Amino acid sequence: MNRKVFKAENIQQAIQNIKEELGSDAMILSTRKIPKKPLDPYAKTMFEVEASLPQYPEKKPEKNLLIETIREEIADIKDMISIAGFGNGMHNMVCNHFESVGILASLLRAGVSESLASEIIQKACGLMDETADQGSKIKSLKKHVMHHCLSQIATKDYFNRDNYSGVPHVAAFVGPTGVGKTTTIAKLAASLSFQRKIRVGLISIDNYRVGAFEQLKAYASIMGLLCVPAFSSQDLSCALDRMKSMDMVLIDTAGHSHFDKAKIDEILQLIKTDFRISTHLVLSVTSESIIMKDAASAFSVFNPDTVVFTKIDETKRCGKILDQVKDLKLPVSLITNGQRVPEDLIIPDKRRLLEIILGKGPKEQN
Ligand SMILES: Nc1nc2c(ncn2[C@@H]2O[C@H](COP(=O)(O)OP(=O)(O)OP(=O)(O)O)[C@@H](O)[C@H]2O)c(=O)[nH]1
Ligand SMILES: [Mg+2]
Numbered sequence: 012m013n014r015k016v017f018k019a020e021n022i023q024q025a026i027q028n029i030k031e032e033l034g035s036d037a038m039i040l041s042t043r044k045i046p047k048k049p050l051d052p053y054a055k056t057m058f059e060v061e062a063s064l065p066q067y068p069e070k071k072p073e074k075n076l077l078i079e080t081i082r083e084e085i086a087d088i089k090d091m092i093s094i095a096g097f098g099n100g101m102h103n104m105v106c107n108h109f110e111s112v113g114i115l116a117s118l119l120r121a122g123v124s125e126s127l128a129s130e131i132i133q134k135a136c137g138l139m140d141e142t143a144d145q146g147s148k149i150k151s152l153k154k155h156v157m158h159h160c161l162s163q164i165a166t167k168d169y170f171n172r173d174n175y176s177g178v179p180h181v182a183a184f185v186g187p188t189g190v191g192k193t194t195t196i197a198k199l200a201a202s203l204s205f206q207r208k209i210r211v212g213l214i215s216i217d218n219y220r221v222g223a224f225e226q227l228k229a230y231a232s233i234m235g236l237l238c239v240p241a242f243s244s245q246d247l248s249c250a251l252d253r254m255k256s257m258d259m260v261l262i263d264t265a266g267h268s269h270f271d272k273a274k275i276d277e278i279l280q281l282i283k284t285d286f287r288i289s290t291h292l293v294l295s296v297t298s299e300s301i302i303m304k305d306a307a308s309a310f311s312v313f314n315p316d317t318v319v320f321t322k323i324d325e326t327k328r329c330g331k332i333l334d335q336v337k338d339l340k341l342p343v344s345l346i347t348n349g350q351r352v353p354e355d356l357i358i359p360d361k362r363r364l365l366e367i368i369l370g371k372g373p374k375e376q377n
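Now the structure itself:
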């Protein structure tokens, strides 16, 4: 404690001196009258006052701050626990770059695979300024992770009016059973004809499932769109001829298991016409990553132009989209987020796609 003794002819003067030197918050510790010396009985009466600088109690963190700190620590512990289940490489990385724990855990929680998440974090850590403080490191890590993810994804507004050149643009949707091909076509047809004012025709070449044509026809009738079936290449050429005045023709195909190469090949033969037909691979994010991968590989015979991800409303782990697009190297044209026709359709840009991948709640996606 910073103590000091002040001497003056009276207490008031001593206190005045204390205030001037130590400030008005100084603490008086003791006062006393200085005894006169026996040899100098006529000396002036003097006083001694001992004072010190004020002692401020240590500021206790405010309640909210305390709760926030506890929350952050619990989140860190949870993140550590979630990472504890992963492989050794992950542990080493986290030990070397402790600031990456939170970001790594959130990538894993979002459904990004262990290998891709650690690859992204490792790259981001390599770009980080090691000498910066913890807060700045986390900020820069987040920034590098975002940049890296953005560099891995591509989107394409494929069904834009700018893409029309006088002849109808013909687009076929292919993919495994039940992923949402027909429903997505209905949503897209509505969006193109009512919002973008594009003339749309629909063709179903699904001669496999009972009622498949009727399903598409029902949507077309509601929207007042032309919809015809075509069960052979000749049928399809005729149907496309009939639709020459359209800007866009959407073709619905039968869904097949990705193991059924023969059935997939049938569709391929069916759509071989004189018309240029773009293809769009439809994958549901409710499928396991490995199944999506196998399906994408089986349907790669179509050489798809874009990929469509459906049913993002049914999972909180859309991070698996990042794994798929990294491997497929295809732009994402559409995302669907519910059963409502035509509402539940997103034509994403890169930022929107990244938000979806990193796990914005499904209800916020609309
Ligand atoms: N939750 C949810 N369900 C969807 C979505 N898209 C489609 N569905 C539902 O998935 C089911 C199958 O949809 P379809 O459009 O018939 O799928 P498909 O790929 O045409 O099926 P097949 O022609 O039999 O291969 C239906 O019940 C749709 O309502 C979506 O984005 N979210
Ligand atoms: Mg269908």
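Sequential numbering from 12 applies to the sequence shown in our numbering. We put the beta carbon where it would ideally sit given N, CA and C, even for glycine. Being a predicted model, the structure only gives us computed values, none of them experimental.
Could you check where the beta strand (DSSP E) with residue i kicks off and where it finishes?
i      : result
Leu294 : Ile288 to Ser295
Leu213 : Val211 to Ser215
Thr317 : Thr317 to Thr321
Would you tell me roughly how many angstroms separate the C-alpha atoms of residue i and residue j, rounded to the nearest one?
i      : j      : result
Gln163 : Glu79  : 34 angstroms
Glu141 : Ile149 : 11 angstroms
Glu20  : Ile26  : 11 angstroms
Gln226 : His158 : 42 angstroms
Ser124 : Gly370 : 14 angstroms
Val181 : Pro240 : 15 angstroms
His155 : Leu138 : 7 angstroms
Gly372 : Gln245 : Any reading at Gly372 needs caution, since the residue's pLDDT is 44, under 50, leaving its predicted position unreliable; the model's value is listed next. Going from the Cα of Gly372 to the Cα of Gln245 covers about 46 angstroms.
Gly266 : Ala86  : 43 angstroms
Asn298 : Gly186 : A small fix is needed here, since residue 298 is Ser in this sequence, not Asn. In a straight line, the C-alpha of Ser298 is about 12 angstroms away from that of Gly186.
Val352 : Arg220 : 21 angstroms
Gly222 : Lys274 : 18 angstroms
Met254 : Leu364 : 33 angstroms
His108 : Lys30  : 52 angstroms
What did DSSP end up calling residue i once you bin it into helix, strand or coil?
i      : result
Ile149 : helix
Thr264 : coil
Gln376 : Note that Gln376 scores 43 on pLDDT, short of 50, meaning its location in the model is unreliable; the coordinates nonetheless yield the value given after this. If DSSP states are grouped into helix, strand and coil, Gln376 belongs with the helices.
Met157 : helix
Phe270 : coil
Ile346 : strand
Ser63  : strand
Restricting to Cα atoms, I'd like to know which of the options is closest to residue i.
i      : options                           : result
Gly191 : Val181, Thr347, Met57 and Lys154  : Thr347
Ser295 : Thr326, Pro49 and Phe320          : Phe320
Asp305 : Leu339, Lys322 and Asp324         : Leu339
Ile288 : Phe313, Ser268 and Ile301         : Phe313
Ala121 : Ile323, Glu354 and Val343         : Ile323
Asp360 : Glu83, His108, Thr166 and Ser41   : Thr166
Lys134 : Ala143, Asp144, Ser151 and Asn218 : Ser151
Glu366 : Asn13, Pro49 and Arg328           : Arg328
Can you list, in chain order, the residues of its chain whose CB lies under 6 angstroms from that of residue i, leaving out five sequence neighbours each side?
i      : result
Lys272 : none
Leu119 : Ala128
Ile332 : Phe320 and Ile368
Asn377 : Here Asn377 scores only 42 on pLDDT, less than 50, and its place in the model is too uncertain to base an answer on.
Please go through the same chain and pick out, in chain order, the residues whose beta-carbon is closer than 8 angstroms to the beta-carbon of residue i, but skip the five residues on each side of it.
i      : result
Thr195 : Phe184, Val293, Val319, Thr321, Leu345, Thr347 and Leu356
Met57  : Lys18, Ala19, Glu20, Lys44 and Ile45
Gly113 : Ala86, Asp87, Asp90 and Ile149
Ser232 : Cys238
Leu279 : Val312 and Phe313
I'd like the span of the alpha helix (DSSP H) that includes residue i, first residue to last.
i      : result
Val336 : Lys331 to Leu339
Val112 : Val112 to Ala121
Thr166 : Looking at the DSSP string, Thr166 is not in any alpha helix (DSSP H), and its letter there is neither H nor E.
Ala306 : Ser300 to Ala309
Ala223 : Ala223 to Met234
Near residue i, which residues of its chain fall below 7 angstroms by C-beta distance, leaving aside the five closest residues on each side in sequence?
i      : result
Lys374 : Here the model assigns Lys374 a pLDDT of 41, short of 50, so the residue's position is not dependable, and the following value carries that caveat. Around Lys374: no qualifying Cβ.
Leu203 : Phe170, Ile209, Val211 and Met259
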